[in-house]
Every structure is written in C-alpha cells, then in structure tokens.
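A.B. asks: Residue numbers (our numbering): 14 to 165.
Here it is, the structure, as structure tokens.
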Amino acid sequence: MPASTIKLHVSHTYRVPPAVVYDAWLNPEIARRFLFATDDGHVIRADIDPHVGGRFFIVDRRPTGDAFHQGVFLELKRPQRMVFSFSVEDHDHNCDRVEIDIEPLGGGSRLTLTHEMCAEWAEHEEKTRRGWAHVVEGLGKELEQQQMKATG
C-alpha cells in the first residue's frame, strides 16, 4: 500500500546569518519579491501574520491568472525553524505541511525546506520541487541585493 504522503526536499545556502533568512521569509515587503513570485508574474498581495495560528496569503498575478497561496503557521522558532500548513486555491485541502529549518553555516546559513504533500498529488511532485527551488533561489537573490545596498 502506498504512503499517504510524499516528502520532497529543497535546500539552499545563503551568505547571511539564519536570523536574516528567517526574518526575510516573514516580512511581507521582502516576501512579495520572492515568495511564490514567478518570473512572468507580479505579487499583488502578501499578507503575513507571523505568529503560531497566524495566516499568510500570497497572490501572484500571472499571465494565466492569479495564483493564490495560503497557510497557517504551526510552529515558529526564530531563527531556526518554521512550520506551516499550505494550500493553493484550486486545492482546498490542507494536508500539505511545509517545514523550514535554517542552520548556521560558517558566516552564513543553510535553509532546508521539506514539503509533505498528499500522495494523490504525486504527479505534481517535480513541479512542486522546482517551485520551491525557485522560491529559495529568489530569496537568495533578494538577500544579496539587500546586502549590496547595505555595504555599497
């Protein structure tokens, strides 16, 4: 019998401390530039209520229509961990769970994201992995730009 969920993992290394990575994820002004933002879209709404039980709601306006991403924060331990439920509008279930672990790495940090998704969405596993890779890479670009502004 197949497992009822699939776990996929994405990681990325940053040149900033864990607290900077953690805080950027929860800051709506920064998050709107990387969180669920696509290259051909534009985030038109980024509501983030960063406390356990708080919700987030991100809307990316894309050529194919608006994409809605939402969830509830289940665990927040600054600066090393956050866990949230996750869903997109056309999938109103909330069995998806995302865990983000941020560990110090020299003068920087490594973020590891684990997305546990319903097995019924197995055909979307690779697309989901690529989506999260785009998010964590986008965060890296955003943090690099902020660092350049601060030092330049």
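Glycine is no exception: its CB is placed at the ideal position from the N, C-alpha and C atoms.
What would DSSP say about residue 142, mapped onto helix, strand or coil?
C.D. replies: helix
A.B. asks: Run the CB neighbour count on residue 53, radius 10 Å, all protein chains shown included, and call it buried at 16 or more, exposed below.
C.D. replies: Residue 53 is exposed by the Cβ-count criterion.
A.B. asks: So, with DSSP's three-state summary, where would you put residue 66?
C.D. replies: coil
A.B. asks: Rounded to whole angstroms, what's the CA-CA distance from residue 57 to residue 45? Just pull it up for me.
C.D. replies: 8 Å
A.B. asks: Of the choices 133, 155 and 115, whose alpha-carbon is the least far from that of residue 13?
C.D. replies: As shown, the chain starts at 14 and ends at 165. That puts residue 13 outside it, with no answer to give.
A.B. asks: Measure the beta-carbon distance from residue 101 to residue 81 and round it to whole angstroms, keeping in mind my assumption that it falls under 8 Å.
C.D. replies: 6 Å
A.B. asks: From which residue to which residue does the beta strand (DSSP E) around residue 96 run?
C.D. replies: 94 to 101
A.B. asks: According to DSSP, is residue 23 helix, strand or coil?
C.D. replies: strand
A.B. asks: Please classify residue 36: does DSSP put it in a helix, a strand, or coil?
C.D. replies: Looking at residue 36 - three-state DSSP - the assignment turns out to be helix.
A.B. asks: Span of the alpha helix (DSSP H) holding residue 44?
C.D. replies: 41 to 44
A.B. asks: Secondary structure at residue 80, three-state DSSP: helix, strand or coil?
C.D. replies: strand
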